[in-house]
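Participant: Before I ask anything, let me first share the structure, which is written out below as structure tokens.
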Amino acid sequence: MIHLEGINKTYYNGAPLHVLKGIDLDIERGEFVSIMGSSGSGKSTLLNILGILDNYDTGAYYLNEVLIRDLSETRAAEYRNRMIGFIFQSFNLISFKNAMENVALPLFYQNVSRRKRNALALEYLDRLGLKEWGHHMPNELSGGQKQRVAIARALISQPRIILADEPTGALDSKTSVEVMDILKEVNDTGMTVIVVTHESGVANRTNKIIRLKDGVIEAVEDNRNHDVLVFGKEDLMK
Ligand code: ADP
Ligand code: MG
């Protein structure tokens with residue numbers, strides 16, 4: 001589904017900074033993958049390229065056999081909206097819209113009627129255990145609830161891939177486990193899920209760990225046997 005070949009990315013605002021140095025990567029449909037690495041290793045840059053939010057300099061990125069380089073801005077945006085749902089560390093909810101309106105937002109851009117988008121938004125909120133919270137504003141929600149609203153918003157347009165950049169970075173360890181449980185359930189429905197994190201407890205919940213160091217993939221580890229660990233989930237998060 002995702003095929004990267006020799007991806008290079010340099011930031012030129014200020015002294016040139018070569019952030020991604022020849023990334024080769026394949027991710028199949030339905031995989032549950034984490035991208036791990038210390039701060040500044042290029043994780044978000046890589047995720048933004050995967051999400052068609054940013055361009056790369058050299059190399060090739062194929063998403064479902066489409067070379068992303070060749071897309072016009074408009075087609076890139078269309079393709080991104082159809083294929084990808086994003087989740088961020090800071091939730092990125094719109095503070096002056098309630099939970100239901102936040103979840104419904106992607107459908108607004110697809111010209112779905114208000115009535116239909118609100119009905120669907122309530123359905124997704126319900127699926128995420130937030131049935132009673134649709135009319136609450138983001139500042140009335142806990143961190144975990146905000147992230148569940150953000151996950152509902154990412155899911156509502158039924159993307160093929162969920163990209164999550166440090167989705168547990170602002171949450172305590174118990175809530176982090178809950179969020180990773182949800183992403184696991186999402187993956188169980190067949191959706192491809194890619195999580196960027198610097199926490200090994202989070203990466204350990206995924207089936208494949210890609211280790212990024214200074215813009216280079218250091219290792220790709222099969223983590224499918226992580227469930228055989230005898231620790232409880234709480235221990236995994238430490
Ligand atoms: P990570 O997510 O692993 O912490 P990033 O991909 O955000 O790493 O950043 C990698 C490096 O690129 C860092 O040194 C960061 O400061 C720099 N960087 C990120 N975004 C930009 C940008 N838009 N312009 C210039 N430098 C950037
Ligand atoms: Mg980052």
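The sequence shown maps to residues 1 to 238 in the UniProt record's numbering. In this text, a Cβ means the ideal position worked out from N, Cα and C, and glycines have one as well. A quick note: this is a predicted structure, and the numbers were derived from the prediction, not measured.
#1: Kindly indicate the opening and closing residues of the beta strand (DSSP E) around THR58.
#2: Do you know how far the Cα of GLY85 is from the Cα of THR168?
#3: Counting along the chain, where does the alpha helix (DSSP H) carrying VAL202 start and finish?
#4: Is VAL93 helix, strand or coil when you go by DSSP?
#5: Of the choices GLU166, ILE156, MET100, LYS116, whose alpha-carbon is the least far from that of SER90?
#6: Can you tell me whether DSSP reads LEU20 as helix, strand or coil?
#7: Output the residues surrounding ligand 1, defined as those with a CB atom closer than 6 Å to any ligand heavy atom, in chain order.
#8: Less than 7 Å between C-beta atoms, sequence neighbours within five positions excluded: which residues of the same chain meet that for ARG117?
#9: In this structure, what does DSSP give as the bridge partners for ALA76?
#10: Would you kindly work out how many angstroms separate the C-alpha atoms of ASN48 and ALA119, rounded to a whole number?
#11: Of the choices ASP214, VAL193, ALA60, LEU53, whose alpha-carbon is the least far from that of HIS3?
#12: Comparing alpha-carbon positions, which option in GLU31, ASP214, ARG80 lies nearest GLN110?
#13: Per DSSP, what kind of secondary structure is LEU107 in: helix, strand or coil?
#14: Do you know how far the Cα of VAL195 is from the Cα of ASN102?
#15: Would you kindly check if the distance between the Cβ of ILE156 and the Cβ of VAL193 is under 9 Å?
#16: Excluding the 5 residues flanking ARG205 on each side, which residues of the same chain have their C-beta closer than 6 Å to its C-beta?
#17: In angstroms, rounded to a whole number, what distance separates the CA positions of ASN98 and THR197?
#18: Please determine, among VAL186, ARG148, ALA219, the residue with the shortest C-alpha to C-alpha distance to ALA170.
#19: Could you tell me the boundaries of the beta strand (DSSP E) in which SER34 lies?
#20: For GLY14 and MET137, I'd like the C-alpha separation in whole angstroms.
#21: Verify whether the separation of the beta carbon atoms of VAL190 and ARG75 is less than 9 Å.
#22: Pull up the CB-CB distance for LEU20 and LEU46, whole angstroms please, since I reckon it's below 8 Å.
#23: Is it the case that the CB of VAL195 approaches a heavy atom of ligand 2 more closely than 8 Å?
#24: Whole angstroms are fine: how far does the CA of TRP133 sit from the CA of ASN8?
#25: Could you check how far apart the C-beta atoms of ILE151 and ILE87 are, in whole angstroms? I think they sit under 8 Å.
Facilitator: If we stick to the structure as given:
#1: Looking up residue 58 in the sequence shown gives position 58. That run of the beta strand (DSSP E) goes 58–63.
#2: One-based indexing of the sequence shown puts residue 168 at position 168. One-based indexing of the sequence shown puts residue 85 at position 85. So the alpha carbons of these two residues sit roughly 16 Å apart.
#3: The residue you call residue 202 lines up with position 202 of the sequence shown. Unbroken alpha helix (DSSP H) run through VAL202: 200–203.
#4: Position 93 of the sequence shown, counted from the first residue, corresponds to residue 93. The residue you asked about is not Val; residue 93 is Leu in the sequence shown. The answer is coil: DSSP assigns LEU93 none of H, G, I, E or B.
#5: Taking the sequence shown and counting its residues from 1, the one referred to as residue 90 is at position 90. Here the closest residue by C-alpha is GLU166.
#6: Taking the first residue of the sequence shown as position 1, residue 20 is located at position 20. In the three-state reduction of the DSSP assignment, LEU20 falls in the strand class.
#7: Those residues having their beta-carbon less than 6 Å away from any non-hydrogen atom of ligand 1 are, in chain order, TYR11, ASN13, LEU17, VAL19, GLY37, SER39, GLY40, SER41, GLY42, LYS43, SER44, THR45.
#8: As a working note, residue 117 is residue 117 in the sequence shown. Cβ neighbours of ARG117 beyond the five flanking positions: ALA104, LEU107, PHE108.
#9: By one-based count along the sequence shown, residue 76 stands at place 76. Paired residues: none, contrary to the question.
#10: Numbered from its first residue, the sequence shown carries residue 48 at position 48. Numbered from its first residue, the sequence shown carries residue 119 at position 119. So the two alpha carbons sit approximately 31 Å from each other.
#11: Here the question's residue 3 lines up with position 3 in the sequence shown. Measuring from the Cα of HIS3, the nearest candidate turns out to be ALA60.
#12: Numbered from 1 along the sequence shown, position 110 holds the residue referred to as residue 110. Minimum Cα distance to GLN110 is reached at ARG80.
#13: The count along the sequence shown starts at 1 and reaches residue 107 at position 107. Helix.
#14: Counting from 1 along the sequence shown, the entry for residue 102 is found at position 102. Counting from 1 along the sequence shown, the entry for residue 195 is found at position 195. Their Cα atoms are separated by approximately 22 Å.
#15: For the purposes of this step, residue 193 is identified with residue 193 of the sequence shown, where counting begins at 1. For the purposes of this step, residue 156 is identified with residue 156 of the sequence shown, where counting begins at 1. Not in contact: VAL193 and ILE156 (Cβ atoms no closer than 9 Å).
#16: Locating residue 205 in the sequence shown gives position 205, counting from the first residue. Taking C-beta separations shorter than 6 Å and ignoring five residues to either side along the sequence, the partners of ARG205 in its chain run MET180, following chain order.
#17: In the sequence shown, counting from the first residue as 1, residue 98 sits at position 98. In the sequence shown, counting from the first residue as 1, residue 197 sits at position 197. Those two C-alpha atoms are separated by around 28 Å.
#18: Walking along the sequence shown from the start, residue 170 turns up at place 170. If we check each option's Cα against that of ALA170, ARG148 comes out closest.
#19: The residue labelled residue 34 in the question sits at position 34 within the sequence shown. That run of the beta strand (DSSP E) goes 32–36.
#20: The residue you call residue 14 lines up with position 14 of the sequence shown. The residue you call residue 137 lines up with position 137 of the sequence shown. For GLY14 and MET137, the distance between alpha carbons rounds to 39 Å.
#21: Walking along the sequence shown from the start, residue 190 turns up at place 190. Walking along the sequence shown from the start, residue 75 turns up at place 75. Note on identity: in this sequence residue 190 is Gly, with Val being the wrong assignment. Going by C-beta atoms, GLY190 is not nearer than 9 Å to ARG75.
#22: Residue 20 sits at position 20 when you count from the first residue of the sequence shown. Residue 46 sits at position 46 when you count from the first residue of the sequence shown. Right, their Cβ atoms sit about 6 Å apart.
#23: Position 195 of the sequence shown holds residue 195. Checking every heavy atom of ligand 2 against the Cβ of VAL195, none is found closer than 8 Å.
#24: In the sequence shown, counting from the first residue as 1, residue 8 sits at position 8. In the sequence shown, counting from the first residue as 1, residue 133 sits at position 133. Their Cα atoms are separated by approximately 43 Å.
#25: The count along the sequence shown starts at 1 and reaches residue 151 at position 151. The count along the sequence shown starts at 1 and reaches residue 87 at position 87. Right, the Cβ-Cβ distance comes to about 6 Å (below 8 Å), so this counts as a contact.
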